[in-house]
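Numbering (this note's numbering), first residue to last: 2 to 299.
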């Protein structure tokens, strides 16, 4: 399959501050409709050596350092992160040695309303480039609505509704003001005690995605996903499982692109060790990495 059809991933990176209000009948956020699939299939992949040091200054402030060495995918780099968190707000900033600066703000304005904004500033050929987003999200008793504006004149509206105890459906409209085009996406999620099935269709990217998660127990889960491109009649399939224990976790993913990715995480008091490997079993190319993290767990 061509490179134009990556494995679909909508869920943004999670913060360790759960501001989103939830009720027994609220479906959650539109972007998290397939979060269980992503949790199993998005296996951590890195090569070389990654060192992270996190230091908590007090209950609200923390700083972090990340150093990457020996990578075949990118040159060595260093990044510094600072974070402020309290009950209603999370503010995180990050700067890298290549000049990349980005920040993220998440705030709870009321019991049902949250506000998020993020920006990124970088330099390319001595030219400063920047982009940003801002959104408002409202959590109703059995629905969630979101409006987002982006700096490239793109506007997004989404609506996510719980129909029954097991079934959620949603739709999202994206308006590209620059060229006047619109894009629609439809999703559905059906959940039982042991299984989760999701469906999504995008008329702009012209694909259909189906996923299935089976939870053996609280520690073991299996997931599968297939993305079919209506445009070029190609498909991409992923299979994976995750085994979680109290102080460790093991994940493996197999894809139709002849790739196997696996990771092992070991957690000790104030220290975490991670091991990752990725193999293309058709070309026999591979890389592996080690990650050491010192400080409180996320």
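Each residue gets a CB set at the ideal place from its N, CA and C atoms; glycine is no exception. Bear in mind that the values here come from a model prediction, so they are computed numbers and not experimental data.
CB-CB under 6 Å to residue 260, same chain, minus the five flanking residues each way: which ones, in chain order?
Here residue 260 is taken as the residue at index 259 of the chain shown, counted from 1. Closer than 6 Å at the Cβ level, and outside the excluded window around residue 260, lie 281.
With 16 other CB atoms within 10 Å as the buried threshold, where does residue 3 fall?
Here the question's residue 3 lines up with position 2 in the chain shown. At residue 3, the pLDDT of 40 sits below 50, so the modelled position is not reliable; the number obtained from the coordinates is stated separately. Exposed, because fewer than 16 other Cβ atoms sit within 10 Å of the Cβ of residue 3.
Let me know the secondary structure DSSP gives residue 18 once reduced to three states.
Within the chain shown, numbered from 1, the residue matching residue 18 stands at position 17. Residue placement at residue 18 is poorly supported in this model, since its pLDDT is 38, which falls under 50; the coordinates are not used for a value here.
Runs of 3 residues minimum, wholly inside the segment 156-184: which ones carry the beta strand (DSSP E) assignment?
168-177
I'd like the list of long-range same chain contacts for residue 225, defined as Cβ closer than 6 Å, with 5 residues on each side in sequence excluded.
Taking the chain shown and counting its residues from 1, the one referred to as residue 225 is at position 224. So the list reads 213 and 240, once near-sequence residues are dropped.
Between which two residues does the beta strand (DSSP E) holding residue 268 run?
For the purposes of this step, residue 268 is identified with residue 267 of the chain shown, where counting begins at 1. Start and end: 260-269.
Count the C-beta pairs between the segment 259-279 and the segment 228-236 that are closer than 8 Å, then say yes if the count reaches three, no if not.
no
What residue range is occupied by the uninterrupted alpha helix (DSSP H) comprising residue 39?
Locating residue 39 in the chain shown gives position 38, where the first residue counts as 1. Its alpha helix (DSSP H) spans residues 36-42.
With DSSP as the reference, please indicate the residues paired to residue 290 in a beta bridge.
On the chain shown, residue 290 is found 289 positions in, with the first residue counted as 1. According to DSSP, which records beta bridges pairwise, residue 290 is partnered with 49 and 277.
So, residue 141 versus residue 160, is the Cβ gap smaller than 7 Å?
Counting from one through the chain shown, the residue named residue 141 turns up at place 140. Counting from one through the chain shown, the residue named residue 160 turns up at place 159. No, these two residues do not count as a Cβ contact at 7 Å.
Apart from the five residues just before and just after residue 171, which ones in its own chain have a Cβ nearer than 7 Å to its Cβ?
As a first step, residue 171 is located in the chain shown; it is residue number 170 there, counting from the start. Same-chain partners within the cutoff: 31, 34, 159, 160, 161, 162 and 188.
In terms of alpha-carbon separation, which member of 284, 269 and 283 lies closest to residue 294?
By one-based count along the chain shown, residue 294 stands at place 293. For residue 294, the nearest C-alpha among the options comes from 269.
Within the 7 Å Cβ cut-off, does residue 151 reach chain C?
Among the chains in the structure shown there is no chain C, since it carries only a single protein chain.
Taking residue 1 as the reference, which of 201, 149 and 167 has the closest Cα?
The structure shown does not extend to residue 1, since the chain is modelled only from 2 to 299, so the question has no answer here.
With DSSP as the reference, identify every bridge partner of residue 66, one or two as the case may be.
The residue given as residue 66 occupies position 65 in the chain shown. 54 and 81, per the DSSP bridge assignment.
Going by the CB atoms, is the gap between residue 79 and residue 70 shorter than 7 Å?
In the chain shown, the residue the question calls residue 70 occupies position 69. In the chain shown, the residue the question calls residue 79 occupies position 78. No, they are not a contact pair.
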